[in-house]
Amino acid sequence: MNTRIGPASLSGLLLVGAAQAALAEEAPSLPEPAAATSSAGRLTVGETSLAVGGFLQADGILMDQSSEGQLFPSGGEPLNTQRFLIRRARLSAEAHRGALGAVVELDANTMKGMAVGLARAELALGGTRPRWNWELGLGLLRIPFGLEVQERDPDRFFLERSSVSRALFPGTFDLGARAQIYWRFFRAQLAAMNGNPLGDASFPARDPNAAKDFVGRLGMDSTIAAKVHVSAGVSSLRGTGFHPGTSATKDVLVWRDQNEDGIVQLSEIQVIPGRAATPSQDFSRFAVGADSRVGFAIPRLGNSVLFGEVVWAANLDRALRPADPVASGRDLREFGWVVGAGQEFTSWVAVGVRYDLYNPDVDAYRQTPTVLVPKDVSFHTWTFTVSFGGFARNRLMLEYQHNRNALGVAADGSPTTLAADTLTLRGQMVF
Amino acid sequence: MGWRVVIWFLPLALAACGGAASDTGLEAAVRVAGGQFYRGSIDKLAGADAPAVVDVLNSQNTIAPGLQNKQISGRLDPGSTAVAIGFAGDVGYWILAAGVPDADSPTQPTFHASLSFSPSLSQTSYDLIVRAVAPPTVFGPAARVSLDVEQSLPPTGALVISLWWDTEADLDLHVVDAYGVEVWAGNINSYDQYAAVPTTDAGAWNEGGILDFDSNAGCNIDGRCNENVVWAVAAPAGDYVARVDTFSLCGNAAARWTVEAMLNGVSLGKAEGEALSSSQRFSKGKGSGLTALSFTVPSP
Numbered sequence: 001m002n003t004r005i006g007p008a009s010l011s012g013l014l015l016v017g018a019a020q021a022a023l024a025e026e027a028p029s030l031p032e033p034a035a036a037t038s039s040a041g042r043l044t045v046g047e048t049s050l051a052v053g054g055f056l057q058a059d060g061i062l063m064d065q066s067s068e069g070q071l072f073p074s075g076g077e078p079l080n081t082q083r084f085l086i087r088r089a090r091l092s093a094e095a096h097r098g099a100l101g102a103v104v105e106l107d108a109n110t111m112k113g114m115a116v117g118l119a120r121a122e123l124a125l126g127g128t129r130p131r132w133n134w135e136l137g138l139g140l141l142r143i144p145f146g147l148e149v150q151e152r153d154p155d156r157f158f159l160e161r162s163s164v165s166r167a168l169f170p171g172t173f174d175l176g177a178r179a180q181i182y183w184r185f186f187r188a189q190l191a192a193m194n195g196n197p198l199g200d201a202s203f204p205a206r207d208p209n210a211a212k213d214f215v216g217r218l219g220m221d222s223t224i225a226a227k228v229h230v231s232a233g234v235s236s237l238r239g240t241g242f243h244p245g246t247s248a249t250k251d252v253l254v255w256r257d258q259n260e261d262g263i264v265q266l267s268e269i270q271v272i273p274g275r276a277a278t279p280s281q282d283f284s285r286f287a288v289g290a291d292s293r294v295g296f297a298i299p300r301l302g303n304s305v306l307f308g309e310v311v312w313a314a315n316l317d318r319a320l321r322p323a324d325p326v327a328s329g330r331d332l333r334e335f336g337w338v339v340g341a342g343q344e345f346t347s348w349v350a351v352g353v354r355y356d357l358y359n360p361d362v363d364a365y366r367q368t369p370t371v372l373v374p375k376d377v378s379f380h381t382w383t384f385t386v387s388f389g390g391f392a393r394n395r396l397m398l399e400y401q402h403n404r405n406a407l408g409v410a411a412d413g414s415p416t417t418l419a420a421d422t423l424t425l426r427g428q429m430v431f
Numbered sequence: 001m002g003w004r005v006v007i008w009f010l011p012l013a014l015a016a017c018g019g020a021a022s023d024t025g026l027e028a029a030v031r032v033a034g035g036q037f038y039r040g041s042i043d044k045l046a047g048a049d050a051p052a053v054v055d056v057l058n059s060q061n062t063i064a065p066g067l068q069n070k071q072i073s074g075r076l077d078p079g080s081t082a083v084a085i086g087f088a089g090d091v092g093y094w095i096l097a098a099g100v101p102d103a104d105s106p107t108q109p110t111f112h113a114s115l116s117f118s119p120s121l122s123q124t125s126y127d128l129i130v131r132a133v134a135p136p137t138v139f140g141p142a143a144r145v146s147l148d149v150e151q152s153l154p155p156t157g158a159l160v161i162s163l164w165w166d167t168e169a170d171l172d173l174h175v176v177d178a179y180g181v182e183v184w185a186g187n188i189n190s191y192d193q194y195a196a197v198p199t200t201d202a203g204a205w206n207e208g209g210i211l212d213f214d215s216n217a218g219c220n221i222d223g224r225c226n227e228n229v230v231w232a233v234a235a236p237a238g239d240y241v242a243r244v245d246t247f248s249l250c251g252n253a254a255a256r257w258t259v260e261a262m263l264n265g266v267s268l269g270k271a272e273g274e275a276l277s278s279s280q281r282f283s284k285g286k287g288s289g290l291t292a293l294s295f296t297v298p299s300p
């Protein structure tokens, strides 16, 4: 049996890589290699091959309408976001020995001060046959859902994922076990995961309950004509969320100066009785999605890519507006979609545009003085990106994001957009 | 040519779309919890034949700089969907969505606002203006509530030694009086040390130098950043020493402090300095701190 771990990249599954892969790769191998290692940098010692690589994304946020030269009135965190920062500095090491493979990737960034942590740690057992590949993975793995979540950071043409992707999957890696089978153009992935990915608002990289989330994707990935590459798939997630209970509290004596005279009076002293602890509860959550991407090359102009993804979910938001149906007393249904296109103009310049919508609660309502009315709490984002360096991994990008939301209050009391447009410059190098 | 213009100007056009600014309004003299801040003076907004404020319930017309959570509420004419609240002439005003009517006036929307005030209120009184708002952004006539500002006065007494500092650090004032008695957080009244024999005078404790407050004690931030040792009646004549002890900078890089001694309203001396992280390392308690000011209280 000819079993080995292939070092080649899965870039054929990736956004920008779609167009490139149409020209370069026929049969993606498993597992996904370290984020940026290239086979050229591989060192072989005995039966073990080693590779070290990484990438750096350095940002300059040139404009942010939500930025202010103040501190949060409570907590004292800076409100200014117009700054230079290291968005991702990744260093990864990858080893293969026979059918076994391992990848460890460390991340450093200055998003909230200096932070260094584990971004990925994966053990894999896999094999390659002439028309199919298989892999079993264990550790901190990429979540096999949809298009954007499975896209590696340095390969993404736009600076960050869309709102719906970031809300439902605040990190693209989670702890768990995963099986993948690639047969010709057919792709199947299934994973059992903790359900608290890196970036989770409550318990990142931990798991407060024993239930696991089951995530999978069925899809196809093929070059259907000369220089035309197509991938598409459907994804599903079914899992269990966690509503945290509360700790027991002691009796507390409080004074409320109800008549604002600054003098303590007996009627203004209240005892807030202590409360017994409340139990934590689990709740079910799910998501289904569909995605598609087409990459093709236009002679003398450059590569092109078109993509789209749609997701329906319930109780799955773990970052933007964390869903807790126990606290809210009803299920929170989420819906989002994204479409985008990128076009190279020679290998020097590429432009892209993306529109995404995310509604974290399609049943939201608000109380006016007289009636309850539906409330659209959607986040809409237009993204315009110019890349100097085309679709290449080493490039300089300038991106403008126009955001619409329902976080502000108009003068007549109705919801309106809270200004949050941004203009960001990013330099990226892969090594 | 045309498409290039579209590419470059589309983002600018999108940025110009309406909405509310992400503005915390911390420069405003009055702030409304949960309100949306808009720049512009509330009393200069164009009025119209629009719903008005029916009444404003306010329990006290006296406020202090830095006061938090002052509650006001009221009712609005039917048709109102929001209320605008702000000081006349301030840099901006706040919009709150109107609430459901009370049972006793079922057609009149209500509002409930929790107000906080800038610590740097400089005027002696302010006009709080409340205006009902109806769609599409029509402001009704102004309802005015006059609020008097009660400035916190420095403590009065025959001898007052004050310490102020500028960051949320825990600094302690130590004063050694003419008898060598040290007044500080561990001994807040020097009288106990004077009394050689027990006294039956219930007001005798007032003869000592008294520390009024241990500000930011243990880094429980109270925002005062000020301590005073006060002799309400005549202070003993002799030499005094005021020290500043940096108990903790509470995570701040530094604290700039000022110490001043006032005898019957006349300054005996003033000193300024800076507490740095190195200042925290000395032992704490009686006798601690760096000497900031030495002065003499003359005999009467």
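Protein sequences appear in the order of chains G and D. Heads up: the first sequence begins at 1 in the working numbering, then just goes up one per residue. Heads up: the second sequence begins at 1 in the working numbering, then just goes up one per residue. Cβ coordinates follow ideal geometry from the N, Cα and C atoms, glycine included. Please read all numbers here as calculations on a predicted model, not as lab measurements.
Query - Which listed residue (D:Ala98, D:Ala169, D:Val56) has its alpha carbon closest to that of Ala410 of chain G - result: On the first sequence, residue 410 of chain G is found 410 positions in, with the first residue counted as 1. Minimum Cα distance to Ala410 of chain G is reached at D:Ala98.
Query - Closest by C-alpha distance to Leu106 of chain G, when choosing among G:Ala167, G:Ala115, G:Asn303 - result: Position 106 of the first sequence, counted from the start, is the residue given in the question as residue 106 of chain G. Considering only alpha carbons, the answer is G:Ala115.
Query - Test item: CB-CB of Val45 of chain G and Ala93 of chain G under 9 Å - result: By one-based count along the first sequence, residue 45 of chain G stands at place 45. By one-based count along the first sequence, residue 93 of chain G stands at place 93. Cβ atoms of Val45 of chain G and Ala93 of chain G: not closer than 9 Å.
**Report entry** Secondary structure of Lys44 of chain D, DSSP reduced to three states
**Finding:** Here residue 44 of chain D corresponds to residue number 44 of the second sequence, with the count starting at 1. Here Lys44 of chain D sits in helix by DSSP.
Query raised in the report: Residues in its own chain within less than 6 Å of Asp90 of chain D by CB, not counting five upstream and five downstream?
Result: Residue numbering aside, residue 90 of chain D sits at position 90 when the second sequence is read from its first letter. Closer than 6 Å at the Cβ level, and outside the excluded window around Asp90 of chain D, lie Ala28, Ala29.
Query raised in the report: Does Asp59 of chain G get closer than 9 Å to chain D when you measure Cβ to Cβ?
Result: Walking along the first sequence from the start, residue 59 of chain G turns up at place 59. Not closer than 9 Å to any Cβ of chain D, the Cβ of Asp59 of chain G fails to qualify, so no.
Query - Residues of the stretch 100–120 of chain D with Cβ closer than 7 Å to any Cβ of chain G, in chain order - result: Val100, Pro101, Pro109
Query - Thr385 of chain G beta carbon less than 9 Å from that of Glu399 of chain G - result: Start at 1 with the first residue of the first sequence, and residue 399 of chain G comes out as number 399. Start at 1 with the first residue of the first sequence, and residue 385 of chain G comes out as number 385. Taking 9 Å as the Cβ cut-off, Glu399 of chain G and Thr385 of chain G qualify as a contacting pair.
**Report entry** Cβ contact (3+ pairs, closer than 8 Å) linking the stretch 375–385 of chain G and the stretch 346–365 of chain G
**Finding:** yes
Query raised in the report: DSSP state of Gln265 of chain G, grouped into three classes?
Result: By 1-based counting over the first sequence, the position of residue 265 of chain G is 265. Gln265 of chain G falls in the coil class under three-state DSSP.
Report task. Identify, in the order they occur along the chain, each residue of the same chain with its Cβ nearer than 6 Å to the Cβ of Leu276 of chain D, setting aside the five sequence neighbours on each side. Result -> In the second sequence, the residue the question calls residue 276 of chain D occupies position 276. Closer than 6 Å at Cβ, skipping near neighbours: Ala254.
Query raised in the report: Alpha carbon to alpha carbon, what distance is there between Pro144 of chain G and Arg178 of chain G?
Result: To locate residue 178 of chain G, count along the first sequence from 1; it is residue 178. To locate residue 144 of chain G, count along the first sequence from 1; it is residue 144. Cα-Cα distance, rounded: 8 Å.
Query raised in the report: Mind checking whether Gly336 of chain G and Val310 of chain G have CB atoms under 9 Å apart?
Result: If you number the first sequence from 1, residue 336 of chain G lands on position 336. If you number the first sequence from 1, residue 310 of chain G lands on position 310. Yes. Within cutoff.
Requested in this report: Tell me, please, whether the stretch 273–289 of chain D touches the stretch 170–178 of chain D by the rule of three or more beta-carbon pairs shorter than 8 Å.
Outcome: yes
**Report entry** Where Phe72 of chain G falls, given that 16 or more other Cβ within 10 Å makes a residue buried
**Finding:** Indexing the first sequence from 1 puts residue 72 of chain G at position 72. So Phe72 of chain G ends up on the exposed side.
Query raised in the report: Mapping DSSP to helix, strand and coil, what is Glu207 of chain D?
Result: The residue labelled residue 207 of chain D in the question sits at position 207 within the second sequence. Glu207 of chain D: helix per DSSP, three-state reduction.
Query - Leu249 of chain D at chain G interface by Cβ criterion, 9 Å - result: Translated into positions along the second sequence, residue 249 of chain D becomes position 249. By this cut-off, Leu249 of chain D is not an interface position.
**Report entry** Inter-residue spacing [alpha-carbon to alpha-carbon] between Pro204 of chain G and Asn259 of chain G
**Finding:** Reading the first sequence from its first residue, position 204 is the one you call residue 204 of chain G. Reading the first sequence from its first residue, position 259 is the one you call residue 259 of chain G. When rounded, the distance between both Cα atoms is 45 Å.
Query raised in the report: Phe111 of chain D and Gly140 of chain D: beta carbons closer than 9 Å?
Result: Mapped onto the second sequence, residue 111 of chain D falls at position 111. Mapped onto the second sequence, residue 140 of chain D falls at position 140. No. Outside cutoff.
Query raised in the report: Should Gly427 of chain G be flagged as near chain D, meaning a C-beta pair shorter than 9 Å?
Result: Residue mapping note: residue 427 of chain G aligns to position 427 of the first sequence, counting from 1. False, the Cβ-Cβ gap to chain D never drops below 9 Å.
Query - Integer Cβ distance of Val83 of chain D from Val138 of chain D, believed to fall under 8 Å - result: Position 83 of the second sequence holds residue 83 of chain D. Position 138 of the second sequence holds residue 138 of chain D. With a Cβ gap of about 13 Å, Val83 of chain D and Val138 of chain D do not count as contacting.
Report task. Quick one: residues in its chain with C-beta nearer than 6 Å to the C-beta of Asp324 of chain G, no 5 flanking neighbours on either side, listed in chain order? Result -> The sequence position of residue 324 of chain G within the first sequence is 324, counting from 1. His243.
Query raised in the report: Taking just the CA atoms, how far does Leu237 of chain G sit from Arg156 of chain G?
Result: In the first sequence, residue 156 of chain G corresponds to position 156, counting from 1. In the first sequence, residue 237 of chain G corresponds to position 237, counting from 1. Their Cα atoms are separated by approximately 23 Å.
Report task. Within its chain, find whatever has a CB closer than 7 Å to the CB of Arg395 of chain G; leave out the 5 residues flanking it on each side and keep chain order. Result -> The residue labelled residue 395 of chain G in the question sits at position 395 within the first sequence. Once the five neighbours on either side are set aside, the close Cβ partners of Arg395 of chain G are Ser387, Phe388, Gly389, Gln428.
Query raised in the report: Quick one: what does DSSP say Pro78 of chain G is sitting in, helix, strand or coil?
Result: For the purposes of this step, residue 78 of chain G is taken as the residue at position 78 of the first sequence. Reduced to three states, the DSSP call for Pro78 of chain G is strand.
Report task. Taking the CB atoms as reference points, tell me whether Thr424 of chain G and His402 of chain G lie closer together than 9 Å. Result -> For the purposes of this step, residue 424 of chain G is identified with residue 424 of the first sequence, where counting begins at 1. For the purposes of this step, residue 402 of chain G is identified with residue 402 of the first sequence, where counting begins at 1. No, they are not a contact pair.
Query raised in the report: Just to confirm, are Asp64 of chain G and Ala420 of chain G a CB contact at a threshold of 9 Å?
Result: By 1-based counting over the first sequence, the position of residue 64 of chain G is 64. By 1-based counting over the first sequence, the position of residue 420 of chain G is 420. Yes, the Cβ-Cβ distance between Asp64 of chain G and Ala420 of chain G is below 9 Å.
Query raised in the report: What span of residues does the alpha helix (DSSP H) with Val326 of chain G cover, start to end?
Result: Against the first sequence, residue 326 of chain G aligns to sequence position 326. Its alpha helix (DSSP H) spans residues 325–328.
**Report entry** First through last residue of the alpha helix (DSSP H) which encompasses Val371 of chain G
**Finding:** Within the first sequence, residue 371 of chain G is the residue found at index 371, counting from 1. Careful: Val371 of chain G lies outside any alpha helix (DSSP H) and carries neither H nor E.
Query raised in the report: Name the chain G residues that come within less than 9 Å of Tyr38 of chain D, Cβ to Cβ?
Result: Numbered from 1 along the second sequence, position 38 holds the residue referred to as residue 38 of chain D. Neighbours of Tyr38 of chain D on chain G, chain order: Ala411.
Query raised in the report: Quick one: what does DSSP say Arg243 of chain D is sitting in, helix, strand or coil?
Result: One-based indexing of the second sequence puts residue 243 of chain D at position 243. Reduced to three states, the DSSP call for Arg243 of chain D is strand.
Query - Ser116 of chain D and Ala20 of chain D closer than 9 Å at C-beta - result: Your numbering for residue 116 of chain D matches position 116 in the second sequence. Your numbering for residue 20 of chain D matches position 20 in the second sequence. No, the pair does not count as a contact, with Cβ atoms beyond the cut-off.
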